[in-house]
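Under my numbering, the first residue of the sequence shown carries the number 334, and numbering increases by one thereafter.
So the structure is just underneath, and the comments pick up after that.
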Amino acid sequence: MTTTRIDSLRGPPAESGGSTTMRAIAQDTYGPAPEDVLRLTEVDRPAVGEHDVLVCVRAASVDRGTWHVMAGLPYPIRLAGFGLRRPKYLNPGRNLAGTVEAVGAGVTDFRPADEVFGMATGTFAEYAVADPAKLALKPANLSFEGAAAVPVSGVTALQAVRRGRIQAGEKVLVTGASGGVGSFAVQIAKASGAEVTGVCSAAKADMVRSLGADHVLDYDREDFAEGGTRYDVILDIGGNAPLSRLRRALTPRGRLIITGGETDGRLLGGSDRQIRASVLSLFIRQKLGTFVASENAADLVVLRGLIEDGSVTPAIDRTYPLDQTDAAIRHLLDGRARGKIVVSVSPASPPSASGSTR
Ligand SMILES: NC(=O)c1ccc[n+]([C@@H]2O[C@H](COP(=O)([O-])OP(=O)(O)OC[C@H]3O[C@@H](n4cnc5c(N)ncnc54)[C@H](OP(=O)(O)O)[C@@H]3O)[C@@H](O)[C@H]2O)c1
Numbered sequence: 334m335t336t337t338r339i340d341s342l343r344g345p346p347a348e349s350g351g352s353t354t355m356r357a358i359a360q361d362t363y364g365p366a367p368e369d370v371l372r373l374t375e376v377d378r379p380a381v382g383e384h385d386v387l388v389c390v391r392a393a394s395v396d397r398g399t400w401h402v403m404a405g406l407p408y409p410i411r412l413a414g415f416g417l418r419r420p421k422y423l424n425p426g427r428n429l430a431g432t433v434e435a436v437g438a439g440v441t442d443f444r445p446a447d448e449v450f451g452m453a454t455g456t457f458a459e460y461a462v463a464d465p466a467k468l469a470l471k472p473a474n475l476s477f478e479g480a481a482a483v484p485v486s487g488v489t490a491l492q493a494v495r496r497g498r499i500q501a502g503e504k505v506l507v508t509g510a511s512g513g514v515g516s517f518a519v520q521i522a523k524a525s526g527a528e529v530t531g532v533c534s535a536a537k538a539d540m541v542r543s544l545g546a547d548h549v550l551d552y553d554r555e556d557f558a559e560g561g562t563r564y565d566v567i568l569d570i571g572g573n574a575p576l577s578r579l580r581r582a583l584t585p586r587g588r589l590i591i592t593g594g595e596t597d598g599r600l601l602g603g604s605d606r607q608i609r610a611s612v613l614s615l616f617i618r619q620k621l622g623t624f625v626a627s628e629n630a631a632d633l634v635v636l637r638g639l640i641e642d643g644s645v646t647p648a649i650d651r652t653y654p655l656d657q658t659d660a661a662i663r664h665l666l667d668g669r670a671r672g673k674i675v676v677s678v679s680p681a682s683p684p685s686a687s688g689s690t691r
C-alpha cells in the first residue's frame, strides 16, 4: 500500500497535542477490491465537535459491513448515508477501541484518557470522531485489539439472540457460526442456556466447537433441514439458505431471525429474501423476521458484562497493521477468517496470527 500526503481531507486540524496530522487509510472512489481503492496517507486530524468524542484509535476491525461500505454495494447502502457517487467518509472502518483524546463541551459521559470501544466512521486511522451514544468503556479484561473486534459484530449477534427470545434449554441453530457475527452469536446463545448447533465449513468446525457449540454441521456435507432435529430458533447469519429449507428445520412455532447472508445482488443484496420472510410470517405459525442492527452504547455495556464475566470472548483470527488494512479486508473476502480480523493502529508491525484476545 502506498503512502501519499493529501491536505485537509476532512475538517480543520485538532488543536490538541503537537502534531496536527495523522496516518490514516483514505478512499476516494467506491470499488470491490481493497487493494485498488484504499491507500495509506497523512491527513489532518479530525476536529472534535461540541457533542463529539475524539478517540486516539489503538485498534479497529473488519467485518462484512466494511466491505459493503468500501464497495458501495449493494446500492441501497449509498442511500443509507455513506455517499451516493463517492464515499462520504475518510475510510470504511466502523469499529474502534482506543483512548479518549478530547471531548466536546456538550459531552458529559467521557473524559480524556478513558479507554473506550464502539462504533464510529473512518476508524482505520490514528484518530476518529465518535458519537458518545455509540461508545462505552472498554471491557477491563480485553486488550484494545480484543475490544475493537466486538462492536458491530457483537451488537448484531446480541440483538439477533434477543429477537429470537431464546430460552434456556431451547435448540438453536446458528448459520455462519465461524464468522464475525456468528462467533459472538454462538457464545451469547450458549450464555442464554440454549443447546447450540453451529453451521460452518469443515475447516472451521473445531473453532466453532471451541466457542461452546454443542453440535457442528459442515454445510458441504450435512443439510441442517434433513436430520431429525427441529430447532426452536434459527439465527441465519451466513449461507443464504432458501426460506423453505429454513422453515423445514424449524419447529411448528419456531422463530427465524434472518441476520445476514451474502449474495452477488447489487440492487437488493439478498434483502428480497428478508422481505418475503416478513410477509410470509403474517400468515403462518412460525415467526420469520429480520432486522437492521441498532448501534448503541447500552448494548455495548451488555456485551462488556458478558465479556467481563467470561461468557463471551472475541475470537480473533489475525491482526494486521494499519498499512495492511487492504490485506485484512482481502483475508475476509477470501473466506479464510475464523471469527474476527483486527487492524492494529499502533506503530507498524508485521501481521500476526493469534487465537488469543486478552
Ligand atoms: N442485520 C444486520 O444489521 C447486520 C449487521 C452486521 C452484519 N450483517 C450481515 O451478517 C452477515 C455475516 O457478517 P459477518 O461479518 O459475520 O461475515 P463473515 O465474518 O464473513 O462470516 C460469514 C460466515 O458465513 C459462513 N458461510 C458461508 N457459506 C455458508 C453456508 N452455506 N452455510 C453456513 N455458513 C456459511 C462463512 O463460514 P465459513 O468461513 O466456515 O465458510 C463465514 O464464516 C453478512 O451478510 C453481513 O452483511 C447484518
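Note that beta-carbon positions come from the ideal geometry of N, C-alpha and C, so glycine has one too.
This structure is a prediction, so every number in the text was calculated from the model and none was measured.
ask   = For ligand 1, is there a heavy atom less than 7 angstroms away from the beta-carbon of A670?
value = Correct: A670 has its Cβ closer than 7 angstroms to ligand 1.
ask   = Span of the alpha helix (DSSP H) holding S534?
value = Segment: none, S534 is in no alpha helix (DSSP H) and carries neither H nor E.
ask   = Hey, out of P365, V388 and A481, whose CA is closest to Y408's CA?
value = Looking at the Cα atoms, P365 is the closest of the given residues.
ask   = Three-state secondary structure (DSSP) at I590?
value = The DSSP-derived three-state label of I590 is strand.
ask   = Whole alpha helix (DSSP H) runs in the stretch 557–581 with 4 or more residues, listed along the chain?
value = Taking only runs of at least 4 residues, no alpha helix (DSSP H) segment lies wholly in the stretch 557–581.
ask   = Hey, how far is the Cα of A527 from the Cα of V566?
value = Rounded to whole angstroms, A527 to V566 spans 10 angstroms at the Cα level.
key: the stretch 461–475 touching the stretch 517–535, judged by at least three CB pairs closer than 8 angstroms   = No, they do not touch.
query = When burial is assigned at 16 or more other CB atoms within 10 Å of the CB, is Q500 buried or exposed?
reply = Per the 10 Å Cβ criterion, exposed.
Identity of the residue in V488, A435 and V549 nearest V381 by Cα = Closest by alpha carbon: A435.
Which of helix, strand or coil DSSP assigns to F450 = Strand.
ask   = Under three-state DSSP, which class holds E528?
value = E528: strand per DSSP, three-state reduction.
Residue range of the alpha helix (DSSP H) that includes S614 = Residues S604 to S614.
Near ligand 1: T530 beta-carbon under 7 angstroms from a heavy atom = No, ligand 1 has no heavy atom inside 7 angstroms of this Cβ.
task = Use the C-beta contact count for H384: other C-beta atoms within 10 angstroms, 16 or more gives buried, fewer gives exposed.
result = By the neighbour-count rule (16 or more Cβ atoms within 10 Å), H384 is not buried but exposed.
Nearest candidate by alpha-carbon position, reference D369, set S352, A404 and K471 = Considering only alpha carbons, the answer is A404.
message = Please give me, in chain order, every unbroken run of the alpha helix (DSSP H) with length at least 4 that falls completely inside the stretch 352–426.
response = Complete alpha helix (DSSP H) runs here, min 4: 367–370 and 397–404.
request  = Could you tell me which residues DSSP puts in a beta bridge with G622?
outcome  = Here G622 is bridged, per DSSP, to I590.
task = Please confirm if the stretch 585–599 is in contact with the stretch 537–551, defined as three or more CB-CB distances below 8 angstroms between the two stretches.
result = Because the criterion of three Cβ pairs below 8 angstroms is not met, the stretch 585–599 and the stretch 537–551 do not touch.
message = Using a 10 Å radius around the Cβ and a threshold of 16 neighbouring Cβ atoms, would you call G439 buried or exposed?
response = With fewer than 16 other Cβ atoms within 10 Å, it is exposed.
ask   = Would E478 pass as a contact of C389 if the rule is Cβ separation under 8 angstroms?
value = Contact flag unset, no.
task = Check P484 in the structure and name its three-state DSSP category.
result = In the structure shown, P484 adopts helical secondary structure according to DSSP, grouped into three states.
task = Decide if I640 is buried, meaning its Cβ has at least 16 other Cβ atoms within 10 Å, or exposed.
result = Flag for I640 reads buried.
Sequence-distant residues of its chain with Cβ nearer than 7 angstroms to A490 (five each side left out) = Cβ-Cβ distances below 7 angstroms link A490 to V514, F517, A518 and I521 in the same chain, with the five nearest sequence neighbours on each side left out; the list follows chain order.
Own chain residues within Cβ distance below 6 angstroms of L406, not counting five before or after = Within the same chain, L406 has close Cβ partners R599.
query = Relative to ligand 1, is the shortest distance from any of its heavy atoms to the C-beta of Y552 smaller than 7 angstroms?
reply = For Y552, the CB falls within less than 7 angstroms of some heavy atom of ligand 1.
query = Taking three-plus beta-carbon pairs below 8 angstroms as touching, is the stretch 582–591 in contact with the stretch 552–572?
reply = The stretch 582–591 makes contact with the stretch 552–572; the number of CB pairs closer than 8 angstroms reaches 3 or more.
Close beta carbons around S349, own chain, < 7 angstroms, minus the five adjacent residues each side = Because the pLDDT of S349 is 44, which lies under 50, any placement of that residue in the model is unreliable, and the number read from its coordinates should be weighed accordingly. Exclusion of the five residues before and after S349 leaves E434 and A435 as the residues of its chain whose Cβ lies within less than 7 angstroms of its Cβ.
ask   = Cβ of R397 versus every heavy atom of ligand 1: is any distance shorter than 7 angstroms?
value = Within the cutoff, so yes.
message = Under 8 angstroms, with one C-beta from each stretch per pair, do the stretch 617–624 and the stretch 444–463 reach the 3-pair mark?
response = Under the Cβ criterion (8 angstroms, minimum of three pairs), the stretch 617–624 does not count as touching the stretch 444–463.
task = Give the straight-line distance between the Cα atoms of L613 and L621, rounded to the nearest whole angstrom.
result = C-alpha separation (whole angstroms): 7 angstroms.
message = Excluding the 5 residues flanking S682 on each side, which residues of the same chain have their C-beta closer than 8 angstroms to its C-beta?
response = The predicted position of S682 is uncertain, since its pLDDT is 44 and thus under 50; a value taken from the coordinates is nonetheless stated next. Taken in chain order, the residues that qualify are P654.
Residue(s) in a DSSP beta bridge with L470 = Answer is V449.
key: Inter-residue Cα distance where the pair is T562 and T374   = Rounded to the nearest angstrom, the two C-alpha atoms are 53 angstroms apart.
query = Taking 7 angstroms as the cut-off, is the CB of V514 close to at least one heavy atom of ligand 2?
reply = Of the ligands this structure carries, namely ligand 1, none is ligand 2.
request  = For S516, name the three-state secondary structure that DSSP assigns.
outcome  = Three-state result, S516: helix.
request  = Report the residue from V634, A473 and N474 whose alpha carbon sits nearest the alpha carbon of V488.
outcome  = For V488, the nearest C-alpha among the options comes from V634.
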